[in-house]
Amino acid sequence: MAALKPGDPGRVGRYRLLRRLGEGGMGRVYLGVSPAGRAVAVKVVRPEVADDPMFRARFRAEVEAAKKVSGAFTSPVVDADPDGTVPWLATAYVNGLNLKDAVERHGPMPEQVLRTLGAGLGEALVAIHRAGLLHRDLKPANILLAKDGPRVIDFGISRAADRTRLTSEGQFIGSPGYMSPEQIRGADLSPAGDVFAFGAVLAFAATGRPPFGTGPVHTVVHRTLHEPPDLDGVPPSLAAMVTACLSADPGRRPPAALLPRLLAARPLADGWLPDTIDRELGQREHTLVLDLRAVTRARTRRRLLLGGAAAAGLAAAGGGTAAALAATARGGRATPPPRFLWRATLPTGGDIMTPQVFARAVVVFGSVTTSSAYDAATGRSLWSAPMRAVATDRTLIYAVQGDEVVAMDPSSRARRWSSSLPSGFTVHDLCGPAGGLLALIDRDGTIIGLDARTGRPRWTHHAPAATELRGIQNGGLIAASGEDTDDEQHLFALDAGTGAVRWTRTYATSGMTFPGTGDLVFAGTTANALEALSAATGRTVWTGDPGGENGTITVANGTAYVGGAVLHALDLATGREKWQYRPAVPGGQDRTSLVSGGRAYVLDNRRLIALDARTGRRLWSAGTPADDTAPLVATGGLVCTGVAGTTGPGLYGWDAVTGEPAWSRPMASPNLTDQWTLTTGGTVLAAVQNTTVAVFRFARA
1 MAALKPGDPG RVGRYRLLRR LGEGGMGRVY LGVSPAGRAV AVKVVRPEVA DDPMFRARFR
61 AEVEAAKKVS GAFTSPVVDA DPDGTVPWLA TAYVNGLNLK DAVERHGPMP EQVLRTLGAG
121 LGEALVAIHR AGLLHRDLKP ANILLAKDGP RVIDFGISRA ADRTRLTSEG QFIGSPGYMS
181 PEQIRGADLS PAGDVFAFGA VLAFAATGRP PFGTGPVHTV VHRTLHEPPD LDGVPPSLAA
241 MVTACLSADP GRRPPAALLP RLLAARPLAD GWLPDTIDRE LGQREHTLVL DLRAVTRART
301 RRRLLLGGAA AAGLAAAGGG TAAALAATAR GGRATPPPRF LWRATLPTGG DIMTPQVFAR
361 AVVVFGSVTT SSAYDAATGR SLWSAPMRAV ATDRTLIYAV QGDEVVAMDP SSRARRWSSS
421 LPSGFTVHDL CGPAGGLLAL IDRDGTIIGL DARTGRPRWT HHAPAATELR GIQNGGLIAA
481 SGEDTDDEQH LFALDAGTGA VRWTRTYATS GMTFPGTGDL VFAGTTANAL EALSAATGRT
541 VWTGDPGGEN GTITVANGTA YVGGAVLHAL DLATGREKWQ YRPAVPGGQD RTSLVSGGRA
601 YVLDNRRLIA LDARTGRRLW SAGTPADDTA PLVATGGLVC TGVAGTTGPG LYGWDAVTGE
661 PAWSRPMASP NLTDQWTLTT GGTVLAAVQN TTVAVFRFAR A
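Heads up: the sequence shown at position 696 corresponds to 696 in the UniProt record's numbering, and the numbers run straight through without jumps.
So this is what it looks like as structure tokens:
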């Protein structure tokens, strides 16, 4: 970073400019700050380029296309004015050192850094190509090394600068030494051209020199077209892949989606960079903090966001720096965002994947496929194994393996106990452990109660075939029988110690049964009423009217919060309605709600609403890219969600007290319909989407 010079603008659009970050053939890049305190990189087009009408048209189209690019290893476009007197665009600021400078100052990268770097670049290319773009100018100067991973910058924009990228030897779209043979010849381009540049970049990072040498442009171009690359110094384990990427035949290069798997990188974690680069980034961050502190002194009521979510819900990058800057802006009083720990790729996808946080492990359970465990601190793979019918408590996993039920340690898979299943018993579900009971049911309705501490069988009960286990409460196992098409449904309780029937309730038609709490079991009736039953006796304690909602029930603060399209708060003792929250647009699907820390949170029409959990009074409202069914969790003083799709995919967090955006982590899945699953445990947040698991640590629970 360098100080502004005479002639540099002091403001572009709504962004105040603080420092120079760099410059290229299209224009100059500045560090800017938004009115809300968000740090951005502002690229200002050179006047001689801006005067070309064809450039403006192409620039406008490319900016719109670039906004579609999302991914953990790209820097998203957050604002632009292609029609201004001087066109410009703003991207999320990344506190990073470009690869060219990093290698020149600190030398070639070791193999593990190369693997992590290459895996991130491969994911970035997949995101760029998925948006219908080609980078066409991937080179070390366009790659930033940040503490939480590499970033590709200037993606797609080079296409808009076709008419201005001239040299004395001729016209080139790209950078000699990294551009593919077909790009040099002016042939039709494909994603394979970016893969060629990827190979050249990795070779440079490994050796400290471009694979086709340096010198006059025509010399480098001749070598690229007619000579093999110089890969002396590339680690032997990577040489074959780099050679394939640099093939003169585009059809022989590996696809970008294959690159992360070929590199087999370890899970990304803090400290992936060499110490010397890490220290330089720390110094740059300190300088940035001082710059932004000077800005925020004049705006003490405005929150500083570096790598946070804008009010409109646009994705941002550089989340690793956000904690220091957010705290600085509020004199140390800000709720810090979580620290990124690691990221890993699950061995299987296409399943409902549910993470759970244990003391020393994060385990991701697949509903029908493999479950996998990772070291909670480092992301090191601990084990992967197929499991059926899984239950857990804070310290153990209970699962069916073969013809046994086992209780095992989450980290080592060491067995605490095992219990053989009866011949022909096919476990359909597990329930518990609670009250010392672990219950199993097969598809024929046979229920077995095991001692959760030893695995010894306690009792067997034969129920109708269409029976589902609902929970263990107040010393009893709650279950419901009856198909949805039956004329009646039976809700019953078995004694946890003996298996004897405690009570049975029959409903005229199949209703909804919800997990209960303490001595209350909740059942939805055909009259759209909600009955609260005594878990001990089965008698009706009260009947409430939540307007037919049957989404979720959360019990807290002496209140039953009934979710759905409308959120109802019912008095837990009487069933009387205390308050309700109706969405801005009536009707629609069930929406996500969360109750935590004396507040109720609701997702409503791209807004996150916080309500006083006792009174229903609105406390704050914040814009979010999340739809109404996205997950919500609250921990570390933040309320967090995960966003899927094309609009700002990734993870977001808001200050639970003020509603101010506090954190974001852009992350996208190749399958745009994949939803996030979020789980917290202590100070740890685990997030899973498709085959990606990412883990973060908060300063406090």
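Cβ coordinates follow ideal geometry from the N, Cα and C atoms, glycine included.
Here the structure is a predicted model, which is why all the values come from computation and not from measurement.
Distance between aspartate 81 and arginine 14 (C-alpha atoms, nearest Å): In the sequence shown, residue 14 corresponds to position 14, counting from 1. In the sequence shown, residue 81 corresponds to position 81, counting from 1. Spanning the two alpha carbons is a distance of roughly 11 angstroms.
Starting from alanine 391, follow the alpha helix (DSSP H) in both directions and report where the run begins and ends. In the sequence shown, the residue the question calls residue 391 occupies position 391. It is not in any alpha helix (DSSP H) - alanine 391 instead sits in the beta strand (DSSP E) that spans 388-392.
Assuming leucine 262 contacts alanine 205 under a Cβ cut-off of 8 angstroms, what Cβ separation, rounded to an integer in Å, is found between them? Mapped onto the sequence shown, residue 262 falls at position 262. Mapped onto the sequence shown, residue 205 falls at position 205. Not really, about 16 angstroms apart at Cβ, beyond 8 angstroms.
What residues in its chain sit with their C-beta under 7 angstroms from that of arginine 617, if we drop five residues either side in the sequence? On the sequence shown, residue 617 is found 617 positions in, with the first residue counted as 1. Cβ neighbours of arginine 617 beyond the five flanking positions: Leu611.
Taking the straight line between their C-alpha atoms, what separation do you get for threonine 629 and alanine 92? Within the sequence shown, the letter at position 629 stands for residue 629. Within the sequence shown, the letter at position 92 stands for residue 92. In a straight line, the C-alpha of threonine 629 is about 27 angstroms away from that of alanine 92.
Alanine 414 versus methionine 241: straight-line alpha-carbon distance, rounded: For the purposes of this step, residue 414 is taken as the residue at position 414 of the sequence shown. For the purposes of this step, residue 241 is taken as the residue at position 241 of the sequence shown. One alpha carbon belongs to alanine 414, the other to methionine 241, and they sit about 39 angstroms apart.
Which listed residue (Phe59, Ala41 and Val40) has its alpha carbon closest to that of valine 49: Position 49 of the sequence shown, counted from the first residue, corresponds to residue 49. When only C-alpha atoms are compared, the closest one is Phe59.
Could you give the DSSP three-state label for histidine 428: helix, strand or coil? Counting from one through the sequence shown, the residue named residue 428 turns up at place 428. The answer is strand: DSSP assigns histidine 428 an E or B state.
Coil, strand or helix - alanine 596 by DSSP: The count along the sequence shown starts at 1 and reaches residue 596 at position 596. The question names alanine, but residue 596 is serine in the sequence shown. Residue state, collapsed to three classes: strand.
Skipping 5 residues on each side, what residues in its chain have a beta carbon closer than 8 angstroms to that of aspartate 429? As a working note, residue 429 is residue 429 in the sequence shown. Cβ within range, chain order: Ala389, Leu440, Ile441, Glu468 and Leu469.
CB contact flag (leucine 138, alanine 197, <8 angstroms): One-based indexing of the sequence shown puts residue 138 at position 138. One-based indexing of the sequence shown puts residue 197 at position 197. Leucine 138 is a Cβ neighbour of alanine 197, given a cutoff of 8 angstroms.
Candidates Val364, Gly637 and Asp451: which alpha carbon is nearest alanine 687's? Translated into the one-based positions of the sequence shown, residue 687 becomes position 687. Checking every option, the nearest Cα to that of alanine 687 belongs to Val364.
For the beta strand (DSSP E) that glutamine 689 lies in, which residues bound it at each end? As a first step, residue 689 must be located in the sequence shown, where it is residue number 689. That run of the beta strand (DSSP E) goes 684-689.
Does DSSP put aspartate 628 in a helix, a strand or coil? In the sequence shown, counting from the first residue as 1, residue 628 sits at position 628. Three-state result, aspartate 628: coil.
Pull the bridge partners of histidine 568 from the DSSP assignment, please. Taking the sequence shown and counting its residues from 1, one reaches residue 568 at position 568. Bridge partners of histidine 568: Val562 and Gln580.
Along the chain, where does the alpha helix (DSSP H) that runs through serine 418 open and close? Position 418 of the sequence shown holds residue 418. No alpha helix (DSSP H) contains serine 418, which is instead part of the beta strand (DSSP E) from 415-420.
Between leucine 570 and glycine 597, which are expected to be in contact by the criterion C-beta below 8 angstroms, what is the C-beta distance as a whole number of angstroms? Here residue 570 refers to the residue found at position 570 of the sequence shown. Here residue 597 refers to the residue found at position 597 of the sequence shown. Not really, about 20 angstroms apart at Cβ, beyond 8 angstroms.
If we call anything under 8 angstroms between Cβ atoms a contact, is serine 593 one with leucine 619? For the purposes of this step, residue 593 is taken as the residue at position 593 of the sequence shown. For the purposes of this step, residue 619 is taken as the residue at position 619 of the sequence shown. The answer is no: Cβ separation not under 8 angstroms.
Burial state of glutamate 123, where buried means 16 or more other Cβ atoms lie within 10 Å: As a position in the sequence shown, residue 123 is number 123, starting the count at 1. Flag for glutamate 123 reads buried.
What are the start and end residues of the beta strand (DSSP E) that includes valine 33? For the purposes of this step, residue 33 is identified with residue 33 of the sequence shown, where counting begins at 1. Valine 33: member of the beta strand (DSSP E) spanning 27-33, first to last residue.
Pick out whichever of Thr554, Leu114, Glu182 and Val152 has its Cα sitting closest to the Cα of proline 235. Taking the sequence shown and counting its residues from 1, the one referred to as residue 235 is at position 235. The residue with the shortest Cα to Cα distance from proline 235 is Leu114.
Can you tell me where the beta strand (DSSP E) with methionine 408 in it begins and where it stops? In the sequence shown, counting from the first residue as 1, residue 408 sits at position 408. Start and end: 404-408.
Output needed for threonine 243: all residues of its chain with C-beta closer than 7 angstroms, excluding positions within five of it in sequence on either side, in chain order. The residue labelled residue 243 in the question sits at position 243 within the sequence shown. Within the same chain, threonine 243 has close Cβ partners Leu231.
Valine 220 beta carbon less than 8 angstroms from that of threonine 695: What you label residue 695 is simply residue 695 of the sequence shown in a count that begins at 1. What you label residue 220 is simply residue 220 of the sequence shown in a count that begins at 1. The residue you asked about is not threonine; residue 695 is valine in the sequence shown. Contact: no.
Spatial neighbours of alanine 613 within its chain, please: CB distance less than 6 angstroms, with the 5 preceding and 5 following residues excluded, ordered by chain position. Translated into positions along the sequence shown, residue 613 becomes position 613. Cβ within range, chain order: Asn557, Val595, Gly598, Arg599 and Ala600.
Suppose you measure from the CA of proline 422 to the CA of threonine 679; what does that come to, to the nearest Å? Position 422 of the sequence shown, counting from 1, holds the residue named residue 422. Position 679 of the sequence shown, counting from 1, holds the residue named residue 679. Near 34 angstroms, if we compare the C-alpha coordinates of threonine 679 and proline 422.
Residue from Ala119, Thr615, Asp83 and Leu450 with nearest C-alpha to leucine 259: The residue labelled residue 259 in the question sits at position 259 within the sequence shown. Among Ala119, Thr615, Asp83 and Leu450, the Cα nearest to that of leucine 259 is on Ala119.
Does DSSP put histidine 461 in a helix, in a strand, or in coil? By one-based count along the sequence shown, residue 461 stands at place 461. Three-state DSSP puts histidine 461 in a strand.
When we look at the beta-carbon of alanine 326 and count the other beta-carbons within 10 Å, is it buried (16 or more) or exposed? Locating residue 326 in the sequence shown gives position 326, where the first residue counts as 1. Only weak support is given to the placement of alanine 326: the predicted model assigns it a pLDDT of 40, under 50, and the question is left unresolved by the model.
Classify glutamate 531: buried if its beta carbon has 16 or more other beta carbons within 10 angstroms, exposed otherwise. On the sequence shown, position 531 is the one that residue 531 refers to. Its Cβ being crowded by 16 or more others within 10 Å, glutamate 531 is buried.
Would you kindly work out how many angstroms separate the C-alpha atoms of phenylalanine 425 and leucine 438, rounded to a whole number? For the purposes of this step, residue 425 is identified with residue 425 of the sequence shown, where counting begins at 1. For the purposes of this step, residue 438 is identified with residue 438 of the sequence shown, where counting begins at 1. Distance between the alpha carbons of phenylalanine 425 and leucine 438: 16 angstroms.
Is it the case that the region 96-105 contacts the region 30-46, given that we only count it when at least three CB pairs across the two stretches are under 8 angstroms? no
Bridge partners of asparagine 98, per DSSP? Start at 1 with the first residue of the sequence shown, and residue 98 comes out as number 98. BP columns for asparagine 98 point to Leu144.
Taking the alpha-carbon of glycine 22 as reference, which of Val45, Arg16 and Arg11 has the nearest alpha-carbon? Counted from its first residue, the sequence shown places residue 22 at position 22. Glycine 22 has its Cα closest to that of Val45, out of Val45, Arg16 and Arg11.
If you run the structure through DSSP and keep just helix, strand and coil, what is valine 633? Indexing the sequence shown from 1 puts residue 633 at position 633. In this structure, valine 633 counts as strand in the three-state DSSP scheme.
When DSSP labels each residue in this structure, what does alanine 699 get in the three-state scheme? Along the sequence shown, one-based indexing puts residue 699 at 699. Three-state DSSP puts alanine 699 in coil, outside helix and strand.
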